[in-house]
Structures are given as C-alpha cells and as structure tokens.
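Residue numbers (the numbering used here), protein chains in the order written: chain A, 533 to 784; chain D, 35 to 789.
Quick look at the structure:
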C-alpha cells in the first residue's frame, strides 16, 4: 500500500511548464519526464500484486482518481477487490505550499482517520521518499547531473543523477532520449547501496488531453525487504468536471 | 621386515612425504563452523520446523546491543549516545533495520482528530515529575520492556541482520561503531550472530593454544622418559604427521572445524604417542642386551616383538572410536572417522616408519643405564599384587559397592546443551547474555505457529487468550503476537471512550483492513514477522528468560498444555528449542555409541583371545569405569553435553589397552610359571609399570584441555583423567582379581576343561 503512495505522488505531481531551452538541462529533462507522467482529472484502474521475499503474493484491484480542485491536488484511491477490503479508501490532499493530509476510510468500522502528510509522518506512514520529492515545486532543491547515456532494452536513455541538497541519499533516473519517458529510477542510501528500484514500461497512448503516453506496467522493488510490487494499469479514463464531492470521505 | 627396510626405505619415506605435502596443500580449505543448528539433520523435528518458519516469515536474526549503567539510563547523555549509535549502526553493512527506545510509539487520536504515532521517548525531561511520568509511559507500553529494562538502568538497541552478511564482518563493524561513539555506559552485545562469532574466535584461540601446548607437553614427557632425542623426535614425527593427515582428510572431505573437532589433535597427541613409546622403549632395552646386533637388526627385532600387541591395542582403540559413528550429530560421527583414520595411520607409521627411521641411525655407544622407575610405583604394584592374590573377593566386592554407589549418581545426571553456558561467567559475552536474559526477556525464542484463517474473530480471540496465559508462564519473557499489534492499532482508530478502543477487530473484514492500515502506516514489516502476506499463517513469539534445557522443556510443555486441542495449531518450534533436540540426540548418541563400542570391543577381545568369555570378562573393567564416570558426573553436577557425550567411546577405546596388556602378559607368564599368584605378581610388577606410564601419558595429554576457552572442553579434560584412572585401576585390580577367582581357560593354555 505504501508503494501506491509513492507512485501516486509521482503521477500526481503538479505540472509547471516553463520555457524550454533548445538543449534541455538534466534537471529539465527529468522534470519533463515527470511532467509527462503527471495527470489530473483522470481515473486509473489498476491491479497491484505484492510479492514478499519468500515469493508469496497478494493482489489488490484499485481505482485511483486524480484531480486539482481549488489549487489543491487530490488523489482518491479505492480498493475494489478482494471482498474484505472492498470499499477501503485513501484520500490524499496536497496544498500548493506542500502540506497535506491523508485520510483512510475503513468500511468495516465506518470510520475515517486522518494523518498529517508532512515529511516526517510520510516516512512513518511508509513512504521511503518524502512526498515532496516528486512535487515539481521542490525540485529547486535538487541537484541534477547528467552522468551519460545508457541503452536500456535497446533504447537510448539519459542517465541523470539526482541528489537533494540536504541529504546524502540520491537517485539515478533513466529517461528516454526520444520522447523523454521515465523508464527507471534507482534509489540509493548514503552508503551507495540501492534501496529501491522502480521500472516503468509498456508506454501506450491514452485518450487524455495532450495525447499523453502512459506506462501500463510499473514495477517497484524494495531491496531492504526484497518486496516487489507490480502495478498494471488496465484502463485510464478522463474525469470531466471533477467535484469536491467525488473526493470526499464517507462520514466527513 | 629386514627386506622391507632394505628395499623400501626410500619408498616409505617418499610416500609419507608425498602424503604430507598433499595434506598440507589441502589445509587452507578448512573452515570453522561455529553453529550448532547444523548438528541436527535438516529434515528432522525442530530443525525441519525452523526451515518452515523461515520460509513463511523469513530469517531475520537479531543482534542486541545493550547500554548499561549503574544509574538511570534515561538521562540526556545516554539518550544522545543512543541516537548517535542508532544513526551510525544504520550505516553498517548488513544491518537491515535498527530499533531503539525512540521506536516505542504511542498511537492515539489527537485533539484535532489526527491519528498520530508519536515516540514516547523523543527527549529526556530534566523535571523529575516529567521523568517519572515518562517511566510510567514506558512501563505501560507493550513495546517498552523490549527496549528499556524494568530497573531503567539498561536500554537495548535491536538490529536486524541480513541473512547474507557474514557474522565476523558485521560484528567487527558494530564493535567499531560502538568504539567510535564512546560514553559512560558499559556496552554489551548478544544474539545468535554474536554468539557464533564468539564461538568461532574461541575455536581459533583454542587451536592455537591447545595443539602447541599438548605437543610441548608430549616432548617434555618423551625426553624425561627416554633421555635421547631420537626417543623424542621419532614419536613426535608420527604424531604430527597423523594430525596433519587427519586435518588434510577433513579438508578433502569438505568437513568443517567445530568445537568437537578441537578434541582431534589432543586425542591424537595423547593416543598416537603410545605406539612410538613402546617401540622406543623396547629399542633401548635391545640396545643394552643385544650388543652385537646393528641398527637394522635391532629395528627388525623391535618390530617383530611388538607388532602383534601394538596392532591389537591399535585396533581396539579404533574400535572404540568407531562407536561414535552411531551418533546422529554429524560432527561426532566425523570425529570418530577422523580419529580412527588418524590413529590407524599413526599405528601404521609407528610399526613401519619408526623401525625404518631407526635403521638409519648409528648405533649409540652403550653406557651403564639406570632404569628410571619411581620406586613408589613398584611399591604400589606390589601392594596391588598382594591384595589381588590374597583378598580377591574383597577387591571384587569393593568394586561392586563402588559400582552400586555410582549407579545412584547416574540418576542425578542431567543433559544440558545450552551454548550460553559454554562461556566463562566473567567473559563479556556471558555478561551480555545474562543481561539480555535478566533484563530483556532473553534472546532465545520459540514460535507457536497457527494455520488456517488467521483473521477470523474466533481465532483472534483464542490467540489473545493464549497470549495472556503464556505471559503467566514463569520462564516466559516477551510474548508478541498479531493481536498485540491489532490492539495497539485500534487506539489509532477508536477514541478511548469507545468500547472498541484497545480491542480486537470484530470481523474478518475489519481485521483485513487493520492489516492494510498497518502496512500503509509503516508497520507492515514488523507485522509480517507474525502474520504472513496471505493471512494463512500466524505465530506467537515467546522469548525464554534463560537458555537452559530445563527452561526450554518447561516452556515447551507449558505451550503444549495451553494450545493443546486447538484445531489450527501447526507446531511449536524455534531456535530456543534446538538444544532440546540436540540434547535428545546427545542421549541417543551416547547410548548407541556406548553399545556399539562395547560390541566392537567384545568382538575384538573374543577374536584376540579366541574365546567369547575373554570378550565378556575383558569388557568388565570398561563397564565399571563407564558406570563410575557417569555416576561421578551425576554427583558433581557435570552435565552431559555435545562434548562430554563423546567421552565414553574414547575412554573405552583407550582404556581397553590396559586390560589387553595385562591379559596378554599374564597368559605368557602363566605359560611359564603354571601358578596363579606368581603369574599375577610378575605381570603386575612388569607390565603394570608400562600400563601406569601409558595411562599417565594419556591423562597428561588430555589435561591440556583445561586451558580451553569452552567449559565443556575443560570438563572433558578433567573427566578424561577420572575415566582413564578408573580404567587403570580396574585393569590393575579388578581384572587380576577376577582372573584369580575364575581362572579362565583362555589364559591357561593346555588346561583341562574343568574350571
């Protein structure tokens, strides 16, 4: 479940376009790639399979809805299968300045509980990387350096080293030269040990505005626990005129 | 032999050198295995269950770092040190996860309706009232006692170790990290990984200490006995070669050095020595009496006279060692094989190599020699001869009474395979173990595994009941289960005034959603140690307050009683119970190896003396010595463990020699004298000296074990002295008395059938 948040924060990054130089800098290349992934006013239908280090797995079916309402970014995740989790909802609300709230609705109790979504709590809430990491407004604090190009499954990719200014952890992002599609992100700790790997594949065109291309598969691996998560996006639908009501938790 | 010496000197020596070079080349392949779980076959009992638990919940060994001081550990300095240590320990390669008192979390809903996970200890208040309040919060927290001791003088950091990381590397780095973060607190480390690492370093230390010491002792004894260097060098060469060949073979077979293997070089020094001693002894005698013979002739004479008795004693010793093959514990069986082969090679080299090498020397100029025998030995043997000849029934009755008393001691004998007891009380590792056991509930765990639908409220309620009952067991430390987490999580869902606060979910769906929320809020990994990803397996984890076999058995029986008849119970297993399984193997192995050794010896004696009665009567001193040994252990509270359980087979293999020497010589004496009393007297006063000398050199050889870092090996060294001494006394008193009373036919050739 916490992996979902990671991906959804990637996908829900605010879009801010700026005038592009002819030769994009590594930071711009990465921001463009993330921008291509960020969506709003859309619903994703997906299956998520989580496998533990012993090879045992469990599957969830989810809807994830994205919208920007009144300068607030909202993501609503609803579990639709299996039966004993059906109706469980997670609503993430993120303000422009970076603060946010996460609410969890449990249908069995009829209760919605909320959590403050700051960096400290997000790490306690399961995200290995603070949510702000994938918010474009916080990229100003990142240093992005190109460390060359590499072929990934026959496709030429920019290799971009990303390091937040105040931390010793870093990541390496692989963005295709053609199309600026993000296909891999490696996360490393302060000892240069890989802590996570995210792979995005099977990009396909969608009927969303701007003819966006989206990955059909997202694979995440946490090296510490050797837990793997595979998300398959089965459908993407546009939401016309999203309303506050669509992003309201029961009981609130 | 003359021909052999003439034609094959070069071949023998070349062959030995070639074998030596090959063995030495294999030695770098040897590795040390400090673990004890491998003693148990993979597919048996607790070990098989442990493998299943690993496949469900993962391995996840813990290393515990304890900070201890005489005053309260909740002070700003200590807290800062804890934080610095946590930060640095997280960076250690192989440490997957670190937890400390800052991870004791209070889950609640705050005034604004937010669910919070606030650490109970995020700073140390200076105000005494607030400090007292903090202590209360820690006491009231389920997790508190895992990280802070009840007397508030110690705190524990719990590290999760990666399965692929080597013990040596990670422990060294942890120790370095602790050194780089100094403070006023004493720091101790415990956990299976640290224990294994300590065992490994103790084994290395012992190898470097015991082997040179036993060899030095051997050189001293040989020189004092023979007063010439060839009397030292030749047996020394044989012993060193047999040790090198045995370890070379160990490397070739891919076997690992363990605590049990430490006995091998000491055994070979003590036992393999004897054949060379007899040969040199007789060679010196022949030098004095055979003045015209050259060295080649002398070598041949020595060989011819001693080949049979040496061969017999060698074979019986090997027979005793082979009794160890019946052990299910691989290291014990491996020791039996290696010792047998080592002794066999020593036997062969003594019989062939020593005479060959002797023939190469120049014959020494003879000077008047005093036979350096302690006169007290002669006096003692004369007394023994008098007792045996004139009071044989009294002698036999005395042994009978001693045996009966010893039998009563056997009922006090206990088995203890707890590795924690192997280390001296004053050692750092033992202090860490004791602190963990006394203040943090112990480091040895048992799992109670359940299978089926783990989310059903009915099952969860039963699990809650069991958890409560297990906490009442006197030797149970921490008891953790999924219900512990679920009840804590409910405090983040319900407010204190709601009846559901601090309770279990009421439906399967609610339980599933609790788990989903746990995963979402960062407790997924912790919970995954108690309930699997598909909610089909769950366990209660129980720590034991001490690692003794008695506590293990008590806990096991308690758990069985509490959970009996539960339809969803899978099994009860854990590293904490491995020692019980090892203990059972020790007992089984002890019985089977004793039986096997006795059968082999009985058979050999029957063949040697061509009489089944010889086998039975010759085995009697060993039976008495064995009973005496176990009785002694029972009376003096020396437990039977993986090392001391090997003693009886070794004792039988070595002790039988004295009986054989006596019977062999008596037969020869009787053939000449045809009367019992003079024959007994002559045998005791001649061969008796050799027997005493032989026994004392064996006892001296094994006595170096008292220098070992491991308690079982130190006890083993002491017990060898007791057991060999028993065999000695039995051979010098009991056997002659029985011979005097029963006049066995096999010792009186030419006698009629009337006995």
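C-beta: ideal position from N, C-alpha, C; glycine also.
The structure presented is a predicted model; accordingly, all values stated were derived computationally and were not measured.
CB of residue i within 8 Å of CB of residue j, strictly
i             : j             : result
residue 292/D : residue 623/D : no
residue 431/D : residue 714/D : no
residue 104/D : residue 187/D : yes
residue 388/D : residue 227/D : no
residue 608/D : residue 479/D : yes
residue 127/D : residue 207/D : yes
residue 594/A : residue 611/A : yes
residue 733/A : residue 715/A : yes
residue 761/D : residue 656/D : yes
residue 46/D  : residue 386/D : yes
residue 703/A : residue 717/A : yes
residue 748/D : residue 91/D  : no
residue 309/D : residue 344/D : yes
residue 205/D : residue 99/D  : no
residue 484/A : residue 746/A : As displayed, chain A neither begins before 533 nor continues past 784, which places residue 484/A out of reach and without an answer.
Rounded straight-line distance, which links the Cα of residue j to that of residue i
i             : j             : result
residue 415/D : residue 428/D : 17 Å
residue 168/D : residue 750/A : 45 Å
residue 764/A : residue 635/A : 24 Å
residue 54/D  : residue 276/D : 9 Å
residue 358/D : residue 450/D : 19 Å
residue 770/D : residue 434/D : 15 Å
residue 356/D : residue 366/D : 10 Å
residue 155/D : residue 549/D : 26 Å
residue 81/D  : residue 690/D : 37 Å
residue 693/A : residue 562/A : 10 Å
residue 743/D : residue 67/D  : 16 Å
residue 547/D : residue 619/A : 10 Å
residue 487/D : residue 572/D : 9 Å
residue 559/D : residue 565/D : 10 Å
residue 539/D : residue 514/D : 17 Å
residue 379/D : residue 417/D : 38 Å
residue 639/D : residue 650/D : 8 Å
Residue i - containing beta strand (DSSP E), residue span
i             : result
residue 767/A : 759-770
residue 792/D : Look at the range of chain D in this structure, 35 to 789, and you will see that residue 792/D is not part of it.
residue 140/D : 139-143
residue 645/A : 643-648
residue 674/A : 674-684
residue 693/A : 687-696
residue 599/A : 589-601
residue 626/A : 621-626
residue 608/A : 604-613
residue 731/A : 726-733
First through last residue of the alpha helix (DSSP H) which encompasses residue i
i             : result
residue 565/A : 558-569
residue 265/D : 264-286
residue 792/D : The structure shown does not extend to residue 792/D, since chain D is modelled only from 35 to 789, so the question has no answer here.
residue 655/D : 646-669
residue 315/D : 297-323
residue 73/D  : Premise fails: residue 73/D is in no alpha helix (DSSP H) and is neither H nor E.
Near the ligand GDP: residue i beta-carbon under 7 Å from a heavy atom
i             : result
residue 109/D : The ligand GDP is not part of this structure, which contains no ligands at all.
Note to self: I want to know whether the stretch 499-510 of chain D touches the stretch 614-622 of chain D - three or more CB-CB distances under 8 Å.
What the structure shows: No, they do not touch.
Next item on the list: Quick one: which unbroken alpha helix (DSSP H) runs of 4-plus residues sit fully inside the stretch 163-231 of chain D? Chain order, please.
Entry: Here the runs fully enclosed are 178-181 and 201-213.
Check: Does the stretch 518-538 of chain D come close enough to the stretch 139-147 of chain D to have 3 or more Cβ pairs within less than 8 Å?
Finding: They touch, by the three-pair rule.
Notebook entry, point to check: Is the stretch 307-318 of chain D touching the stretch 249-269 of chain D, taking contact as three or more C-beta pairs under 8 Å?
Noted result: Three or more pairs of CB atoms, one per stretch, sit closer than 8 Å, so the stretch 307-318 of chain D contacts the stretch 249-269 of chain D.
Margin query: What ranges does the alpha helix (DSSP H) occupy inside the stretch 413-452 of chain D, keeping only unbroken runs of at least 4 residues that lie completely in it?
Written below: The alpha helix (DSSP H) runs lying completely inside the stretch 413-452 of chain D and spanning 4 residues or more are 426-444, given in chain order.
Margin query: Could you check whether the stretch 100-118 of chain D touches the stretch 205-222 of chain D, counting it as contact only if at least three pairs of C-beta atoms, one from each stretch, sit closer than 8 Å?
Written below: Touching, per the Cβ criterion.
Check: Does the stretch 475-494 of chain D come close enough to the stretch 577-586 of chain D to have 3 or more Cβ pairs within less than 8 Å?
Finding: Enough Cβ pairs lie closer than 8 Å, so yes.
Margin query: Threshold first: 4 residues or longer. Then list the alpha helix (DSSP H) segments lying entirely within the stretch 590-643 of chain D, N to C.
Written below: Taking only runs of at least 4 residues, the alpha helix (DSSP H) segments lying wholly in the stretch 590-643 of chain D are 609-642.
Next item on the list: Enumerate, from N- to C-terminal direction, the unbroken beta strand (DSSP E) stretches of 3 or more residues contained entirely within the stretch 672-760 of chain D.
Entry: As far as the stretch 672-760 of chain D is concerned, it has no whole beta strand (DSSP E) run of at least 3 residues.
Notebook entry, point to check: Should the stretch 684-702 of chain D be regarded as contacting the stretch 717-727 of chain D, the criterion being three or more beta carbon pairs within less than 8 Å?
Noted result: Yes: the two stretches touch, three or more of their Cβ pairs being nearer than 8 Å.
Check: Would you call the stretch 463-470 of chain D and the stretch 435-450 of chain D touching, i.e. three or more CB-CB distances under 8 Å?
Finding: Fewer than three Cβ pairs drawn from the stretch 463-470 of chain D and the stretch 435-450 of chain D lie within less than 8 Å of each other, which leaves the two stretches out of contact.
Check: Taking one C-beta from the stretch 659-669 of chain D and one from the stretch 750-759 of chain D each time, how about it: are there three or more such pairs within less than 8 Å?
Finding: They touch, by the three-pair rule.
Next item on the list: Please confirm if the stretch 181-196 of chain D is in contact with the stretch 127-137 of chain D, defined as three or more CB-CB distances below 8 Å between the two stretches.
Entry: Taking a contact to require three or more Cβ pairs closer than 8 Å, the stretch 181-196 of chain D and the stretch 127-137 of chain D qualify as touching.
Next item on the list: Tell me, please, whether the stretch 583-592 of chain A touches the stretch 501-510 of chain D by the rule of three or more beta-carbon pairs shorter than 8 Å.
Entry: Note that the stretch 583-592 of chain A does not touch the stretch 501-510 of chain D; fewer than 3 beta-carbon pairs, one per stretch, sit closer than 8 Å.
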